[in-house]
Amino acid sequence: MPNKVNISTELLTWYDAHAREMPWRVPPQARLRGELPDPYHVWLSEVMLQQTTVAAVGKYFHDFTTRWPRIQDLAAAQDADVMAAWAGLGYYARARNLLKCARFVTSNLNGAFPKTERELMKLPGIGPYTAAAITAIAFDGRASVLDGNVERVMARIFAIENPLPGAKEELRALALSQMPNSRYGDYAQAVMDLGATICTPRRLQCAQCPIRPKCRAHAQGIAPDLPNKTPKPKKPTRHGIAYVIRRDDGALLLTRRPDRGLLGGMLCWPCTDWGDVDAAHRPPISADWQALNAEVRHTFTHFHLHLKVMLANAETAPSDLGQFVTLREFNPDALPSVMQKVWNIAKHQIGAHNSPKET
DNA sequence: AAATCGTGGGT
DNA sequence: TACCCAAGATT
1 MPNKVNISTE
11 LLTWYDAHAR
21 EMPWRVPPQA
31 RLRGELPDPY
41 HVWLSEVMLQ
51 QTTVAAVGKY
61 FHDFTTRWPR
71 IQDLAAAQDA
81 DVMAAWAGLG
91 YYARARNLLK
101 CARFVTSNLN
111 GAFPKTEREL
121 MKLPGIGPYT
131 AAAITAIAFD
141 GRASVLDGNV
151 ERVMARIFAI
161 ENPLPGAKEE
171 LRALALSQMP
181 NSRYGDYAQA
191 VMDLGATICT
201 PRRLQCAQCP
211 IRPKCRAHAQ
221 GIAPDLPNKT
231 PKPKKPTRHG
241 IAYVIRRDDG
251 ALLLTRRPDR
261 GLLGGMLCWP
271 CTDWGDVDAA
281 HRPPISADWQ
291 ALNAEVRHTF
301 THFHLHLKVM
311 LANAETAPSD
321 LGQFVTLREF
331 NPDALPSVMQ
341 KVWNIAKHQI
351 GAHNSPKET
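For what it's worth, UniProt numbering labels the leading residue of the first sequence as 1, then goes sequentially.
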């Protein structure tokens with residue numbers, strides 16, 4: 001039985017008046033005049049926005065586009081520079097895939113992104129959502145985006161009580177059924193803006209909602225309860241020790257993690273493995289190790305981490321342990337957040353230790 | 001196909 | 001505090 005409800009007209013009208021401004025976005029009035037955004041900007045912003053808030057992305061998008069204005073510039077960048085620029089944003093596989101993708105598009109596609117979902121999906125780091133988003137937003141192609149916002153909006157409009165992620169394909173079909181016959185890019189951004197500002201997970205703004213009259217969940221008084229989700233398992237806690245090695249000239253020893261796995265490709269302090277019980281002190285080099293009082297607590301996607309910090313002075317270290325970074329070159333912002341926390345503890349101790357010398 | 005992969009903000 | 005959540009992709 002065909003579904004006659006359609007919200008695209010109301011949504012586009014609402015978007016014309018309420019579209020949020022973002023650095024990578026072309027506002028609806030300009031799009032109606034035929035202007036489209038730079039596909040490089042759309043791709044970069046969409047990858048950064050994967051599981052990441054607009055607020056967190058802002059600074060990184062500005063940094064990347066200032067430093068690498070075109071995709072060819074990014075393709076020519078050093079791996080270490082891109083990983084450092086991404087540090088703090090999380091999900092570091094995105095940065096590695098970003099570079100792979102930039103180099104492929106530059107080398108094999110003359111710097112131009114494909115315009116179809118099928119072709120975009122072949123590129124590293126571009127999945128179903130991002131392929132649809134680039135198609136619709138950058139090229140105004142007919143594509144239906146399905147992200148967390150769209151899932152929530154569809155679940156409420158149609159009062160879908162089946163829990164996610166099982167209900168995903170059902171919600172995908174409903175989202176597809178709502179597509180207008182033009183303005184695909186504006187429509188995609190309109191649904192996501194609605195989900196981000198009106199049809200939010202909590203503290204819904206139904207009084208401001210342009211499609212409230214068509215919302216079955218609102219009519220039934222269950223909008224705040226949707227979408228249902230299967231409960232997540234509790235996170236275990238893991239334990240480890242981070243080792244900060246300092247040369248007398250102030251240089252610090254850092255190691256680069258392998259490309260696969262947690263914090264892959266990122267610069268880190270040498271660490272023990274992170275296990276279910278307190279880690280035994282296994283110093284990476286023989287030295288006069290000092291245990292610091294404070295402990296780093298950090299939560300990853302699927303476990304909590306308690307990280308003790310130990311500090312030692314050493315003039316040399318085996319190269320397979322890592323490399324000394326001079327005091328001048330050391331930039332804590334190039335470390336992932338958990339390792340920045342380690343530094344914040346270690347640097348206080350170093351400062352406390354050194355200050356008597358200088359006075 | 002269920003598990004893995006970060007981080008910061010909101011409640 | 002503890003949990004939820006964010007413009008998901010990959011294996």
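All residues carry an ideal CB built from backbone N, CA and C; glycine is no exception.
Indicate whether residue i and residue j have their beta-carbon atoms separated by less than 9 Å.
{"i": "T106", "j": "A76", "result": "yes"}
{"i": "C271", "j": "G240", "result": "yes"}
{"i": "V296", "j": "L307", "result": "yes"}
{"i": "A175", "j": "M154", "result": "yes"}
{"i": "F300", "j": "L262", "result": "yes"}
{"i": "L36", "j": "D140", "result": "yes"}
{"i": "R118", "j": "M48", "result": "no"}
{"i": "I245", "j": "A167", "result": "no"}
{"i": "residue 422", "j": "Y187", "result": "Outside the shown range of the chain (1 to 359) lies residue 422, about which nothing can therefore be said."}
{"i": "V338", "j": "H298", "result": "yes"}
{"i": "W14", "j": "P210", "result": "yes"}
{"i": "I160", "j": "E169", "result": "no"}
{"i": "N149", "j": "L89", "result": "no"}
{"i": "A223", "j": "C199", "result": "yes"}
{"i": "R328", "j": "L226", "result": "no"}
Measure the C-alpha to C-alpha separation of residue i and residue j and round it to an integer number of angstroms.
{"i": "A112", "j": "H62", "result": "21 Å"}
{"i": "P23", "j": "A207", "result": "29 Å"}
{"i": "L99", "j": "A80", "result": "11 Å"}
{"i": "R67", "j": "A102", "result": "14 Å"}
{"i": "R33", "j": "A334", "result": "41 Å"}
{"i": "Q29", "j": "S182", "result": "14 Å"}
{"i": "D73", "j": "F64", "result": "10 Å"}
{"i": "W43", "j": "V54", "result": "14 Å"}
{"i": "L123", "j": "P114", "result": "10 Å"}
{"i": "Y60", "j": "E21", "result": "16 Å"}
{"i": "I285", "j": "A317", "result": "7 Å"}
{"i": "R202", "j": "D16", "result": "25 Å"}
{"i": "P236", "j": "N228", "result": "24 Å"}
{"i": "R238", "j": "Q340", "result": "18 Å"}
{"i": "W269", "j": "W289", "result": "15 Å"}
{"i": "I134", "j": "A143", "result": "9 Å"}
{"i": "V309", "j": "F104", "result": "41 Å"}
{"i": "H302", "j": "T197", "result": "28 Å"}
{"i": "S319", "j": "P283", "result": "15 Å"}
{"i": "R216", "j": "H304", "result": "39 Å"}
{"i": "D38", "j": "N344", "result": "39 Å"}
{"i": "S177", "j": "S45", "result": "26 Å"}
If you drop the 5 nearest sequence neighbours on each side, which residues of the same chain put their C-beta closer than 7 Å to that of residue i?
{"i": "V325", "result": "A251, L252, L254"}
{"i": "L109", "result": "none"}
{"i": "R212", "result": "C206, H218"}
{"i": "G125", "result": "V47, R94, N97, L98, C101"}
{"i": "Q349", "result": "L292, L311"}
{"i": "G185", "result": "R31, A136, I137, D140"}
{"i": "residue 376", "result": "No answer is possible for residue 376: the residues shown for the chain start at 1 and end at 359."}
{"i": "K214", "result": "V5, I7, I157"}
Who pairs with residue i in a beta bridge, going by DSSP?
{"i": "C271", "result": "A242"}
{"i": "V309", "result": "A242"}
{"i": "H304", "result": "T237, T299"}
{"i": "A291", "result": "M310"}
Kindly list the residues whose CB is nearer than 6 Å to the CB of residue i, restricted to its own chain and excluding five residues on each side of it in sequence; keep chain order.
{"i": "M121", "result": "A131"}
{"i": "M86", "result": "Here residue 86 turns out to be Trp, not Met, going by the sequence shown. Counting only Cβ-Cβ distances below 6 Å, and skipping sequence neighbours, we find A95."}
{"i": "A19", "result": "P27, P28"}
{"i": "Y40", "result": "I71"}
{"i": "P163", "result": "N228, K229, T230"}
{"i": "G127", "result": "none"}
{"i": "P287", "result": "Reading off the sequence shown, one finds Ala at residue 287, where the question assumed Pro. Taken in chain order, the residues that qualify are A312, A314."}
Below 8 Å CB to CB, which residues in the same chain sit around residue i once its five sequence neighbours on both sides are set aside?
{"i": "G264", "result": "Y92, A93, R96, R257, P258"}
{"i": "D273", "result": "G240, A279"}
{"i": "N331", "result": "A84"}
{"i": "residue 367", "result": "In this structure the chain extends from 1 to 359, so residue 367 is not present and cannot be described."}
{"i": "T52", "result": "L89, G90, Y91"}
{"i": "D249", "result": "T326, L327"}
{"i": "G275", "result": "R238, H239, G240"}
{"i": "A56", "result": "L89"}
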